[in-house]
Structures are given as C-alpha cells and as structure tokens.
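See structure below.
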Amino acid sequence: MSTETRTPEKAARVRPRWWNRLPVLQQLRQSVGLQRGMLVVGLVITSVFVLVAIFAPFVAPYGYNQLRGPDGLFGAQQPPGPDHLLGTTVGGYDVLSRVIWGAQTALLVILVAIVLSVFIGIALGLLSGYIGGWFDRVTIVIADAIYAFPSLLLAIVAAIVISGGQSSLWGGILAAAISITVVFIPQYLRVVRAEVVRVKSEAFVESARVIGASNRRIMFRHVLRNSTRTLPLVITLNSSEAILTLAGLGFLGFGIEPSAAAEWGYDLNKSLSDVTSGIWWTSIFPGLAIVLVVLGITLVGESLNDLADPRLRARRKPAKTPAQAVAAEKPVAREEMGDVV
Amino acid sequence: MATHDTAVDIRGLRVSFDTDGGTVEAVRGVDLQVAPGEVLAIVGESGSGKTVTSRSILRLLPETATVKGAVLVGGEDVVRLDAARLRQLRGTQAAMIFQEPSTALNPVYTVGWQIAEGLRAHGKYTKKQARERAIDMLRKVGIPEPERRVDDYPHQFSGGQKQRIVIAMALALDASVLIADEPTTALDVTVQAEILDLLRRLRDEYGTAIVLITHNMGVVADLADRVAVMYLGEVVETAPVRELFAAPKHEYTKKLLAAVPRVELVERAAPESAAAEAVVEATGLEIEYPGRLGKKPFRAVHGVDLRIGLGEVVGLVGESGSGKTTIGRAIAGLAPVTGGSLRVLGTEMRGVKEREFRAKRRELGFVFQDPATSFNPLLTIAECVAEPLIVHGLASSAADGRDRVDELLDAVQLGGAYGDRYPHELSGGQRQRASLARALALDPKLLIADEPTSALDVSVQARVLELFEELQERFGFASLFITHDLAVVDRVAHRVVVLHRGEIAEEGPTDRVLGAPQDPYTRRLLASLPVPDPDEQARRREALAALQREAG
Numbered sequence: 063m064s065t066e067t068r069t070p071e072k073a074a075r076v077r078p079r080w081w082n083r084l085p086v087l088q089q090l091r092q093s094v095g096l097q098r099g100m101l102v103v104g105l106v107i108t109s110v111f112v113l114v115a116i117f118a119p120f121v122a123p124y125g126y127n128q129l130r131g132p133d134g135l136f137g138a139q140q141p142p143g144p145d146h147l148l149g150t151t152v153g154g155y156d157v158l159s160r161v162i163w164g165a166q167t168a169l170l171v172i173l174v175a176i177v178l179s180v181f182i183g184i185a186l187g188l189l190s191g192y193i194g195g196w197f198d199r200v201t202i203v204i205a206d207a208i209y210a211f212p213s214l215l216l217a218i219v220a221a222i223v224i225s226g227g228q229s230s231l232w233g234g235i236l237a238a239a240i241s242i243t244v245v246f247i248p249q250y251l252r253v254v255r256a257e258v259v260r261v262k263s264e265a266f267v268e269s270a271r272v273i274g275a276s277n278r279r280i281m282f283r284h285v286l287r288n289s290t291r292t293l294p295l296v297i298t299l300n301s302s303e304a305i306l307t308l309a310g311l312g313f314l315g316f317g318i319e320p321s322a323a324a325e326w327g328y329d330l331n332k333s334l335s336d337v338t339s340g341i342w343w344t345s346i347f348p349g350l351a352i353v354l355v356v357l358g359i360t361l362v363g364e365s366l367n368d369l370a371d372p373r374l375r376a377r378r379k380p381a382k383t384p385a386q387a388v389a390a391e392k393p394v395a396r397e398e399m400g401d402v403v
Numbered sequence: 023m024a025t026h027d028t029a030v031d032i033r034g035l036r037v038s039f040d041t042d043g044g045t046v047e048a049v050r051g052v053d054l055q056v057a058p059g060e061v062l063a064i065v066g067e068s069g070s071g072k073t074v075t076s077r078s079i080l081r082l083l084p085e086t087a088t089v090k091g092a093v094l095v096g097g098e099d100v101v102r103l104d105a106a107r108l109r110q111l112r113g114t115q116a117a118m119i120f121q122e123p124s125t126a127l128n129p130v131y132t133v134g135w136q137i138a139e140g141l142r143a144h145g146k147y148t149k150k151q152a153r154e155r156a157i158d159m160l161r162k163v164g165i166p167e168p169e170r171r172v173d174d175y176p177h178q179f180s181g182g183q184k185q186r187i188v189i190a191m192a193l194a195l196d197a198s199v200l201i202a203d204e205p206t207t208a209l210d211v212t213v214q215a216e217i218l219d220l221l222r223r224l225r226d227e228y229g230t231a232i233v234l235i236t237h238n239m240g241v242v243a244d245l246a247d248r249v250a251v252m253y254l255g256e257v258v259e260t261a262p263v264r265e266l267f268a269a270p271k272h273e274y275t276k277k278l279l280a281a282v283p284r285v286e287l288v289e290r291a292a293p294e295s296a297a298a299e300a301v302v303e304a305t306g307l308e309i310e311y312p313g314r315l316g317k318k319p320f321r322a323v324h325g326v327d328l329r330i331g332l333g334e335v336v337g338l339v340g341e342s343g344s345g346k347t348t349i350g351r352a353i354a355g356l357a358p359v360t361g362g363s364l365r366v367l368g369t370e371m372r373g374v375k376e377r378e379f380r381a382k383r384r385e386l387g388f389v390f391q392d393p394a395t396s397f398n399p400l401l402t403i404a405e406c407v408a409e410p411l412i413v414h415g416l417a418s419s420a421a422d423g424r425d426r427v428d429e430l431l432d433a434v435q436l437g438g439a440y441g442d443r444y445p446h447e448l449s450g451g452q453r454q455r456a457s458l459a460r461a462l463a464l465d466p467k468l469l470i471a472d473e474p475t476s477a478l479d480v481s482v483q484a485r486v487l488e489l490f491e492e493l494q495e496r497f498g499f500a501s502l503f504i505t506h507d508l509a510v511v512d513r514v515a516h517r518v519v520v521l522h523r524g525e526i527a528e529e530g531p532t533d534r535v536l537g538a539p540q541d542p543y544t545r546r547l548l549a550s551l552p553v554p555d556p557d558e559q560a561r562r563r564e565a566l567a568a569l570q571r572e573a574g
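Those protein sequences? They're chains A and B, same order as listed.
Plus 62 on top of the position in the first sequence (first one is 1) and you've got the working numbering.
Plus 22 on top of the position in the second sequence (first one is 1) and you've got the working numbering.
Put into structure tokens, the structure is as follows:
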C-alpha cells in the first residue's frame, strides 16, 4: 500500500519520454514558426544526405569508378540522357553515380573528423580549464597558433604527410579527416574550456570539494557533464566546414583519386575546363551537392543555436489547456517549466 | 483627470508570460494607486508578481510578456503608448532604482557622464550645463565633494554610494515617480539605514511618489506610508502601514508578519561538552589574498581568535567585506591560511595539504548561501545527497545509499519522493533543506553554514531556521553560522562573534552581545536593523541618529 500512497507525488511530475529528450528531437518539439521551418528543412536535407550516403551502393546506377557498361565505354562528356541521367564527366564517369558515391566519402570524412576532434578537444579543454596554470597557458598558446594558420594550408600539409602523395579511399579520407581535426581541436578546446572555467567556480563544485571528492570525480561527474551543452551546435557547424575543407582539398588536387572513391571537390576541379566549352552538367551537380549539404547542416546548427538561447527562441502563443492552467497556479510546477520565479 | 491626486494609477493589470511550458500569469488583476509624496510598499514572496507589477509602470517587461489593463502615469496609459512617447516618459515622469547598484552602473564611464546621459536623452544641454546638473544631483544625494567625484568611475565608490548615484540618475530629470526595486537588499544594514533616510528625504522635500518593492518588513515599517501585500499575482491586502502591522486582515499577511525574525534575546546555554573539547581553534588567524602584480596583498582577516566548542553554535556576524565568509572558507579548507594558526578537528590548516585533510572532511559539513547553484543540475536530489556517502566509501552507488538518503531527507522534511526530483524542480527553501541533508549525511562534528537563509523568503527562512535548531538539538553538531542578519543569529546561536573589517569587534553569549552591546560598532549595527513595527522603528531611527552624532 505504501507505494500506492506515494504515487500521486510521483504522478504529479511527468518527465518527458527519453526520445523526446534527445538533443535534436527535443528542440524540434520546442520550436515554432520560422525557426521550426528552418530546422525542418535542415533536418530533411541532412537526413537525405545521410540516407543517400549509407545506401549509395543501392541507389547509384553505376560504381564510382565504373567506365564501361554492358554496351562498352560510357564515353566522355555525354550530355544528360536516359542512360546517364546527369551525363558523364570528362574522364568518362557517370555524374549521378559520382555525386551519390561522393556523399559517402563526405559523410565518412565528417564522422572521422568530428569523432577525433571532439574527443581530443573535450579532453584537452577539460584538463586545461580545470587544472589551469602553465598547462592551460601552453595549450591555449598552441591552440591560438593553430588558429592563426590558414586552415587549408595546414590541411594540405597534413594531407601530404599522411598519404605521402599516394591515394586510396581510407588514406584520402584519413588525410582529409585528420587535417580537419587539427584545425577543429582548438575550437572544441576553447568552447569546452570556457564552460569548464565557468562551471568550476559554481557552488556545486565547491560543495563537492568540501565533501572531499577527488579531482577526478569532480572533473568527470560534476564539471564535464555541465560543460557540454554548446557542443551539438559547434558539431553541426563544424560538419559543414569539414565538407568545405574536403571539397577545397579535392579541388586543389590533394583529394582522393577517382579510382579510389568519389569526391565532389575533385570532380569540380576536373570540370573546370568544361565550363568554358558549355558543358554545364559536370560542374553544376557536384557543386550543388556541396551547397545543399552545407546549407542543410548549417540550417540545423543555426536553428539549434537560436533554440538554445531563451532570448532568441520564439514561443507558442497561449494555448489554454487545463494542464497549463494548473501549472500557472502552482509555483513549483512553474519552476519545473523553466520559468524564472 | 485624476492626475492631481494620483501619480500612478494601475487598473486591472494582468501580465502573462509565454514560456516553453505555456502561458504563465504573473500578475492577475491588480489595482493600485500611488499619490504624490507617498511611499507605497509592495511586499510579497519571490514569484508573487511584485517586481512585474512595478516594472509595468515603465513597461520594462521582456518581449514574451502580454500586458492587459491600464497603467496611468501622469494621466497617460503606459500600456498603450507608442515607443517614442514611452521613451520620453521614461526618466522624466517615472524612473527606476535597481536592486544591485554595482551592475546598474556602466563600469567604463564616469558617474558624471552617466548622469548626464539621461539629461542628453531628454533635452538640449551643453557639456557644462550637464556637468553642473550632475554635480548638483550628486550633492543632493549626499556624495561628499561632488565637484571632484563627478569624474570618478563606479568602482571608486562604495556600494552605498553607488546606490546613491543610481538614485541621482533617477532624479536627474525630476521624475515624479520613483520605482525602487529592492533598493537596499544588496547593501549592509548600516548603509541600508542611510539609503532609506535619503529616500525619505526625497519624499518629504520633493514630493516624489515612491513605489518600494521589498521583502524586508523592517524596511517597510521604516519607510512606507501604505502597504500592498501581493500573493500569487494578486493584491490580497492594502492598508496604511500602521494599520497593517497592528491589525493584519488577510491570512497571508498574518503569516508573513509572524515569520519575520525579531531579536528576542533568548538565553541559550552552550552544551557542557563545548568547554571540554574544541573543534575549531584559531589564534591570531590571518588570511591574505594575493594582490595583482605590484599591488599589496589584500588582508581579509587579521588577528582573529576564535574557538568553537563541541556541540556549540557560534554565530559569525558582520557586514560585507568583514571577512566572515573568508573565515568559514578557511575552516573548510577552501581558502589558504597565511598567518597565525587555525586548528580544525585537530588538523593545523596553515599549509595543509588537501590529501592530509581529506579524511577529516567526513566530519565537516558545509551549507552554501545560494541553494540554486550548490547542486549539480544534472543529478537528482538523492544522488546529490548520496555524494558524500560515495566519496567516503560508505556506499558504492547512489542506489546503494538510498536508505540512508531517504532517512536524511525525512529528517529535513523532504519525503522520499523528492529524492527523485532534479534540483531545479524544487523551490529555494526545499533546496536549502536538501543542502542541509547533504551536509549532515556523514553525521559531521562541525557544520559551517554560510548565509544559509539570506537567499530565501522570510516565511521560508523561518522554516529553515526552525529545522536547523531541531537538527542541531538532535545531532548535536557544532556549527559556525555565518550571517549578516542579527535577528537570525538570535534564533540559533549560543555565542556571537561580531566581525568588523577583518577583526573581532565583540564576542560573547548571544543574549549579552545583542542585549547589551559594548562595542560602538555592534551598537550601530543593532540600531541600524529595522524592526517590523512602524512606531518602534521611528524611535529606533532617532536613537540611531543620536548614536551617529555621538560617533561624529
């Protein structure tokens, strides 16, 4: 019976289901109006990109390095037609297939780059913010020095060092990803460090210290989890930057050879001479792919940014329900809704 | 028009906010009138809508607010004014004094410039005229040597002087209505008395109408002519100040007045164990904070002798900057001891290594001032309270220590269901009770409470103090109770230590120090404390003035 008597207390506090508390979905439910529109468009574009990348082998009509079909060679610079919906490139590849397979390369690069830079960046930011002192100063100076470097130049150097001039799928992806990682680590470091420094002086960290908790426990249990709230935003914005850097590398000729994988920047580079001779399909479609993916991810990032800030967030206009009327009556319930009482 | 007998006329005001959780009604149907030369105090707990009501007089509300009803200031309805006219009206008709003077002033401009800025926004002034007017205003609010100080920056003034400057800014354009939102909450009692005097003079000499928002009933008794009590967005009672204190009509008003702590001088003998064993013993304690490059270090505490016996509650009283919090932090090992000796639970704290002290920490609890920030927002209350158990190896996880946690939460009157909530789902008072539970988790010998009730409403404060007394009797821990509020000390402490500028001004049994203070500073401190009784407060005001004349 004792559980029965406690139920009203528990029932009064309905916690949203776990899937509604996931980072992006929660914001989607919260958003209204233009902000919701931006977020939805961004999410649609991004998920189409991810789906295409995952299912590239099934979606693409040909392989990325396929030059001949059952009827022999495709032929170079064929205009769009029934056999090749978006035409063929100067090298004789199918443009549509290259664009689709390119999504896979781009997604892999984003994932590897983000995973590497997030882990290293967070670890360094946590340490330098929490420990402070000379370690902090040295880390920040190095991070600033990397900031000062033109990122594309750095990426080129990294690409040469890593791949040694050779080109393979993973070699190329890793080269691009690692060079992007090097450029991005300082960003994560800065963001996390700033939060850690702020959180470190909060009373709950001091209270953990008074209790006698060890530094490691304070760092991971109390500081780290309270310092990562801006990360989803930085991650989305960095993913779009990662694509641009990859495309830039490919365009400059430090990308992945067409026999190893499809890469939008490389295709753009090769289509340079086509533009003047009126062959538009070889440059438009890879370019469009880059623009759309960057746009989609940036839209997600920007609207997450707006939604995270209570001052920028648009809110639903009064929708009177009995539950809300009750909530307005009870101060505790109001606090639960995030109201500043 | 009714402009002759009312400075502000609020009719049927309703304010609601759009929040993520839907619409919240902060103010529902408030009617209030303020006459010229009258001080109307609006009192109520946090969240009662008193600040929103007062801010709507200047329409200083966030964009998410929806305002209905009418707010007439000088015959014009602020709710319906367009932006240009509203801007003209702000400053010239009604002006605002903010709670925290140090954040209301821009640190990169001189105070003279900031006063002149208001003038320039509403008329043509030459540089010279504006400066003269600024000097004039500074003189009016009692800043010494205004000709010289007009070129000083905000950080060169003390907290009380900054609040005077904020008042000067509000007065620069002869506003007929002043809205003072907790104007003295951030100030010490002695400074508070001066600011209240200044506001009283403004009312008497210039006929300014003042809307005073406060939760301090002593301040109300001292300054207000009429009082409006707000509760959950409604005015539950409006009455002249004497009538309200003598015969409160509404239940809530009665409760509110009963909860106000008063100095009652109860004799409270320290337990016998106190004399035998000391948990804290400081001799000639000095604490310095290193100065910036090339500056002398700042000495926060010097030459303090302090002893806390086993099971004894010592109240540490002082104004801001007196070093009281620093001493508390030094005892908890959060601030380094730079001179003298400080023994806590048998460990010498001067030059102590955290590793050596860590084992002793299970005998030490700490309650922080602000319950809102002293809990990790991502852990439930039960997990937070279980932290000390886990850290000291008494429980392997939060679930493992749950029985003990429930026991503790029961002891602070937070039934088991509260344990599963997150800190932001609790009210301030509930959080501070959970904070007590966490501090007591390891059954400590010594509890340091750093202003545990100053962030709470009076009614909540009364409950927390009651609970503290009860727990102290039950568990018998020794305690250092740090506070600026003499009435609070009177409730809990066996012995009182009064700190003044890092040194002990006076110490002794609570009833002796508060009943018959010897030190002139203690006397001034006691006399500055406003009491919630208008007639007695008037007498005390005279006594304080006499004391100050005496001191010169």
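For every residue, glycine included, the Cβ atom is placed at its ideal position computed from N, Cα and C.
Per DSSP, what kind of secondary structure is B/Gln55 in: helix, strand or coil?
Reduced to three states, the DSSP call for B/Gln55 is strand.
Distance, Cα to Cα, B/Leu502 vs B/Ile470?
Straight-line spacing of the CA atoms in B/Leu502 and B/Ile470 works out to 5 Å.
Report all residues from its chain with a CB closer than 6 Å to the CB of A/Pro384; omit the five preceding and five following residues, and keep chain order.
Confidence in A/Pro384 is poor, its pLDDT being 46 and thus under 50, which makes the residue's placement unreliable; the coordinate value appears in the next sentence. Exclusion of the five residues before and after A/Pro384 leaves no residue of its chain whose Cβ lies closer than 6 Å to its Cβ.
Quick one: using the 10 Å Cβ neighbour count with 16 as the cut-off for buried, is A/Leu186 buried or exposed?
Residue burial annotation: A/Leu186 is buried, with at least 16 other C-beta atoms found within 10 angstroms of its C-beta.
Can you name the residues of chain A whose CB is closer than 7 Å to the CB of B/Phe388?
Chain A residues near B/Phe388: Ser269 and Val272.
State the Cα-Cα distance for the pair B/Trp135 and B/Leu160, rounded to the nearest angstrom.
Computed Cα separation, rounded: 12 Å.
Can you pull the chain B neighbours of A/Glu264, defined as C-beta to C-beta under 7 Å?
Correct list: Thr395.
Can you give the Cα-Cα distance for A/Ile352 and B/Leu103, rounded to whole angstroms?
Each residue's alpha carbon lies about 50 Å from the other.
State the start and end residues of the unbroken alpha helix (DSSP H) segment that holds B/Glu334.
That residue, B/Glu334, is in no alpha helix (DSSP H); it is neither H nor E in DSSP.
Under the rule that 16 or more other beta-carbon atoms within 10 Å means buried, what is B/Arg351, buried or exposed?
Buried: at least 16 other Cβ atoms inside 10 Å.
Kindly identify the DSSP beta-bridge partner or partners of B/Ile32.
Answer by DSSP bridge pairing, in chain order: B/Leu54 and B/Val93.
Where do the N-terminal and C-terminal ends of the beta strand (DSSP E) with B/Tyr311 fall, by residue?
Run containing B/Tyr311: Ala300 to Tyr311, per the beta strand (DSSP E) assignment.
Given a cut-off of 7 Å on the beta-carbon distance, is the pair A/Ile182 and A/Ile224 in contact?
It is not a contact, given that the beta carbons lie outside the stated cut-off.
Where B/Asp158 and B/Pro166 are concerned, what is the direct C-alpha to C-alpha distance, given to the nearest angstrom?
So the two alpha carbons sit approximately 11 Å from each other.
Short-range partners of chain B found in the segment 283 to 295 of chain A, where Cβ spacing is below 8 Å:
Taking a C-beta cut-off of 8 Å against chain B, the contacting residues of the segment 283 to 295 of chain A are Arg283, His284, Arg287 and Asn288, listed in chain order.
On the premise that B/Arg329 lies in contact with B/Ala300, defined as a C-beta separation below 8 Å, what is that separation, rounded to the nearest angstrom?
Between B/Ala300 and B/Arg329 a beta carbon distance of about 5 Å is seen, short of the 8 Å cut, so the two are scored as contacting.
Would you call the CB atoms of A/Arg160 and A/Tyr192 closer than 7 Å?
Not in contact: A/Arg160 and A/Tyr192 (Cβ atoms no closer than 7 Å).
From the beta carbon of B/Asp173, is the nearest beta carbon of chain A less than 7 Å away?
Under the 7 Å criterion on CB atoms, B/Asp173 is classed as non-interfacial with respect to chain A.
Please confirm if A/Pro380 has its CB atom under 7 Å from at least one CB of chain B.
Residue placement at A/Pro380 is flagged as unreliable, the pLDDT there being 47, under the threshold of 50; a coordinate-derived value is accordingly withheld.
State the CB to CB distance for the pair B/Arg50 and B/Glu378, rounded to an integer number of angstroms; the pair is presumed to be in contact (CB under 8 Å).
Contact doesn't hold; Cβ gap of about 58 Å is too wide.
Where the alpha helix (DSSP H) containing A/Gly234 begins and where it ends:
Run containing A/Gly234: Leu231 to Lys262, per the alpha helix (DSSP H) assignment.
What span of residues does the beta strand (DSSP E) with B/Ala13 cover, start to end?
No answer is possible for residue 13 of chain B: it lies beyond the span of chain B, which begins at 23 and ends at 574.
Tell me, to the nearest whole angstrom, how far the beta carbon of A/Val174 is from that of A/Ile222; I am working on the premise that it is less than 8 Å.
In this structure A/Val174 does not touch A/Ile222 by the C-beta definition: roughly 18 Å separates them, more than the 8 Å allowed.
Tell me the DSSP bridge mates of B/Pro262?
Within the DSSP secondary-structure output, B/Pro262 pairs in a beta bridge with B/Arg248.
Straight-line gap, B/Phe388 to B/Ser68 (C-alpha atoms, nearest Å):
Straight-line Cα distance between these residues: approximately 25 Å.
Do you know how far the Cα of B/Lys317 is from the Cα of B/Gly368?
Spanning the two alpha carbons is a distance of roughly 35 Å.
Flag this pair as yes or no: are the beta carbons of B/Val65 and B/Gly337 separated by less than 7 Å?
No, they are not a contact pair.
Using 10 angstroms around the beta-carbon of B/Ala573, count the other beta-carbons present and answer buried if the total reaches 16, otherwise exposed.
Exposed: under 16 other Cβ atoms inside 10 Å.
Does any residue of chain A bring its CB to less than 7 Å from the CB of B/Pro410?
So, interface residue.
Residue-chain proximity (A/Ala275, chain B), Cβ-Cβ < 7 Å
At least one chain B Cβ lies under 7 Å of A/Ala275.
Where does B/Tyr253 sit, in a helix, a strand or coil, going by DSSP?
Here B/Tyr253 sits in strand by DSSP.
Listed from N- to C-terminal order along the chain, which residues in the segment 345 to 363 of chain B have their beta-carbon within a distance smaller than 7 Å of any beta-carbon of chain A?
Correct list: Ala354 and Leu356.
Chain A beta carbons: is any one of them nearer than 7 Å to that of B/Leu400?
Chain A, which has a Cβ nearer than 7 Å to the Cβ of B/Leu400, makes this yes.
C-beta neighbour in chain A for B/Arg383, strict 7 Å
Interface residue, yes.
Please give the ranges of any beta strand (DSSP E) in the segment 68 to 151 of chain B, keeping only runs that are unbroken, at least 3 residues long and fully inside the region.
87 to 95 and 116 to 119, all fully within the segment 68 to 151 of chain B.
Is the Cβ-Cβ distance between B/Gly345 and B/Leu508 less than 7 Å?
In this structure, B/Gly345 lies away from B/Leu508, with their beta-carbon atoms at least 7 Å apart.
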